[in-house]
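Positions 68 to 138 (this note's numbering) are the ones given, in order, by the sequence shown.
Worksheet for the structure shown next.
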Amino acid sequence: MMPLPQTLETLARLGVHLDLSEHSYLPQTLENLVRLVRGSGGHVTINASNFLPPTLENLARIGGAHVTFKF
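Here it is as structure tokens:
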């Protein structure tokens, strides 16, 4: 079962490491999660195979070292 974005936002605020590579989320949802993860010192892994390069670049700019892309 895919976790709801609200649940992920709560977890991201707690600074946990999130592995989202098994599910697909909308780019807007991921941008929000990456911001929260970066702000709390956590980390997020994202399945990059479903996104265009500009989306990945934007997520990388937002999250920096707090993001891992899985291809």
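Each residue gets a CB set at the ideal place from its N, CA and C atoms; glycine is no exception.
Values in this document were obtained by computation on a predicted structure and should not be read as measured data.
Problem - Pairwise C-alpha distance: Asp86 and Arg102 - result: Across the structure, Arg102 and Asp86 are spaced so that their CA atoms are roughly 15 Å apart.
Exercise for the section: Could you confirm whether any beta carbon from chain B is found closer than 8 Å to the beta carbon of Arg105? Expected result: Protein chains in the displayed structure number just one, and chain B is not present.
Problem - First through last residue of the alpha helix (DSSP H) which encompasses Asn125 - result: Per DSSP, the unbroken alpha helix (DSSP H) holding Asn125 starts and ends at 120-130.
Handout entry: Member of Glu89, Met68, Arg128 whose CA lies at the smallest distance from the CA of Asn99
Key = The shortest C-alpha separation from Asn99 is found at Arg128.
Handout entry: Alpha-carbon to alpha-carbon, Thr135 and Leu75
Key = Rounded to whole angstroms, Leu75 to Thr135 spans 16 Å at the Cα level.
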